[in-house]
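Residues 4 to 618 in the working numbering are what the sequence shown spells out, letter by letter.
Idealized CB from N, CA, C, for every residue including glycine.
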Amino acid sequence: MELSQLTAYAQLKFHMREQRPWPDFPGFSVLADPVTGKWAALLMRQWDSDSGEEIQRCDMRCGQQVLAQRPAPFLSKPFRMKGPNWVGVTFHGGTEPETVFRLLDQAVSQSQRGYTIVLEQKPTSAAVVYADTPLSAPGKPFPSIGEEVPEKIYQMRGLYQCREGTFAEKCQNFYRQGKFMEDYEDDRPWNGDYTRYFPTYHDLNVRQLRGYFTWRAQVRRGEFTPIATSMAYIYVYELLNGIGAASPEDALEKLQAFQTGFVESGVGEASMGKNLRQWMLEFAVLHNLPPETARSFASPQVLRRDEALVTLRSPQEATDQAVLEALCAFGPKKLEESPVVKKEGARGVHLFAEVWRQGLALSAQRGEDLFTACFGRLDSYPWSPLSNAVYWEEQPHPDADYALDPCRIYRCRGGHWQEERYENLYFGKDKLPGLLHQADRLLRKYLKTGHYLREKPEEAWAAPYVEAVLEMERAAALEAARPKITIDLSHLERIRRDAQATRESLLTDEERGEDEPSPPPVEEAPPAPEQPDICAQVPGLEPGYVQLLLALLRGEPTAPLVQAHKWMPSVVADAINQAFFDDIGDNILECDGAAITLVEDYREEILEMLGGMNP
């Protein structure tokens, strides 16, 4: 149920128009008694920027005793108003329209209306003289003057049973009369205005009934012509109850044709479209039609949110791009505009995706659940399908389970429906944005790109998740920088045989039979002067990188060395900078594309660290 249904009901029954007394607060409005001016309800519409949906609530002046009399999940203490006379109402799929309407009736009755009774009043204009009108026979309905009542309509009216006057009884009467009139056609058009909430055959007079059945016959032939919106809803109610349809699939097909030919074409009011989509979704669930059929009527925004939740719940099974898009669905929209993504491309996308994956894994190791902290748990909420339509089920719905998607499941037990879903009102509003902001900050610093973001102490909890990803990134970069030597052992034996054959062919017969003379003794060369072990001076730095550093200290070009080893210049520079960072406190090398240069300010300090040697 939505607030618009409450305001429509208030206007139709009590002539209450929604008033907006606060121009600076357009989300707040009131329903006030047109006679006394007293408020019956305070209406609140607030936009949730995280979910992109509007939250609708109201405070109603019906007395808090209804919380004990009519306990319901959509009723609570008031949100804004104070005192025991006010009750809070939350509008969502599980809100029962009839309950809310009865509460408004009670709120209006408590507004203490006054009345003026005129005992005698002289007419101010000429008296109107009415002609005699003959009364109908006993048991016959009272027709409009000069109007003929077809026998079928007369019989239909006789089927109406009024006992308790409840909404359920109204729906049952509509179903009974609709089945009786399922194949009836008329030829008496009527184009007057008609407005009523939850209209049925019983609410129409004879002219209106004949006009409706004439129009319905045209619609069934595919001819869509204008008619009062309330009367058009009767046709929709018929199809929802299976009246005029051979099967649930046939009913749904005719509802879609009506949406296209009457609503979307502009013949009828566009406002009917939202109700139609909601009802077609609920109808598909009630009749266990294929989930892909039901999803075609669901809100695209809801489906995208559910898809994003599925992705974030099992990120190992999704691509990096899918994980990033899912994070953006709930986190800051500008995440895709981060320099980490814009400048680094696929690498940046991968780093953000890995932050979420590592966050889930590490939090699980600590006995925590990052996903639940961000999005809450899959929980059950009351679901009332077709509650805001005239709909009747002869028998309680059998137990059923219907999965619209992995994050939205409908279950029926004992005739009562529940919807399992993640409720966005219970999302950790600061948790995911905090993680993503910390990730963006540390990744920018690591990649040395973009404007550095301000550190926030309240986001320190997320730093270990990001550091774990950066450690993996560093290890992968070092491994990729090492030269790869591949030896094909499959050819080793053949090479040995070929070498032996070549050796044998070069030997003479005498050489084959004589012992080779012993080589003359070789004088040992004097020992070379000891040189300091440079690699030992820079622990953790591989020898090849040391040779490149020495070349820079000697002023020699480094490009041949980089090309020979097929190194990535940026990776080499980062490795050498990392090795000296603890002692120097700054980067000693700069990398601009393929060019690696030494920061001259640190030359003497580096030579001193290397033992004061001459490179």
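The C-alpha of Glu-295 is placed about 18 Å away from the C-alpha of Leu-312. Scanning Gln-581, Leu-556, Tyr-413 and Ser-274 for the CA closest to the CA of Glu-545 turns up Gln-581. Apart from the 5 residues on each side of it in sequence, Gly-334 sits with its Cβ closer than 7 Å to the Cβ of Leu-435, Pro-436 and Leu-439 in its chain, given in chain order. In the DSSP assignment, Met-63 falls within the unbroken beta strand (DSSP E) covering 56–63.
Within the same chain, Cβ atoms closer than 7 Å to the Cβ of Gln-175 are found at Trp-395, the five residues on either side in sequence being excluded. DSSP places Ala-582 within a helical segment (H, G or I) once states are collapsed to three. For Phe-31, DSSP records a beta bridge to Met-47.
Cβ neighbours of Tyr-605 within its own chain (closer than 7 Å, five residues either side excluded): Ile-587 and Ile-591. The straight-line gap separating the alpha-carbon atoms of Arg-83 and Trp-89 is approximately 9 Å.
For His-419, the secondary structure class from DSSP, reduced to helix, strand or coil, is strand. Unbroken beta strand (DSSP E) runs of no fewer than 3 residues, entirely contained in the region 365–433, are found at 382–385, 403–408, 411–416 and 419–424, following chain order. Per DSSP, the beta-bridge partners of Ala-598 are Asp-595. In its chain, beyond the 5 residues on either side, Gly-96, Gly-97, Tyr-413, Trp-420, Gln-421 and Glu-422 have a beta carbon closer than 8 Å to the beta carbon of Trp-386. DSSP lists Gln-59 as the beta-bridge partner residues of Phe-94. Between the C-alpha atoms of His-205 and Gln-398 there is a straight-line separation of about 23 Å.
Excluding sequence positions up to five before and after Lys-173, its CB lies within less than 8 Å of the CB of Phe-201, Thr-203, His-205 and Val-393, all in the same chain and listed in chain order.
Leu-255 sits close to Met-283, with the two beta carbons spaced by under 8 Å. Pro-293 and Pro-251 have their C-alpha atoms spaced approximately 12 Å apart.
Around the beta carbon of Ser-383, fewer than 16 other beta carbons sit within 10 angstroms, so the residue counts as exposed.
Here Pro-192 is near Gly-214, since their CB atoms are less than 8 Å apart.
Secondary structure note for Gln-324: its alpha helix (DSSP H) is the uninterrupted segment 323–333. As the crow flies, the alpha-carbon of Val-472 is around 32 Å from that of Arg-411. In the structure shown, Trp-25 falls within a coil segment according to DSSP collapsed to helix, strand and coil.
DSSP places Trp-570 in the coil class of the three-state scheme, outside both helix and strand. Arg-179: member of the alpha helix (DSSP H) spanning 170–183, first to last residue.
Per the coordinates, the alpha-carbon of Gly-86 lies some 14 Å from the alpha-carbon of Ala-44. Between the alpha carbons of Leu-552 and Arg-447 lies a gap of roughly 27 Å. Distance between Trp-50 and Gln-319, taken at the CA atoms: about 33 Å. A direct Cα-to-Cα measurement between Cys-415 and Gln-221 gives close to 38 Å. Cβ-Cβ separation between Val-92 and Arg-60: approximately 7 Å, consistent with a contact (criterion under 8 Å). Pairing Arg-316 with Phe-374 gives a Cβ-Cβ distance under 8 Å. Between Tyr-405 and Val-288, the C-beta gap is smaller than 8 Å, which places the two residues in contact.
Rounded to the nearest whole angstrom, the C-alpha separation of Trp-570 and Gly-379 is 47 Å. Nearest neighbour of Ala-35 by Cα position, chosen from His-18, Phe-170, Ser-299 and Arg-160, turns out to be His-18. Close CB contacts of Ala-235 within its chain, under the 6 Å cut and outside five residues either way in sequence, are with Gly-271 (chain order). Distance from Val-239 to Leu-212 at the Cβ level is roughly 17 Å; contact not present, criterion being Cβ atoms closer than 8 Å.
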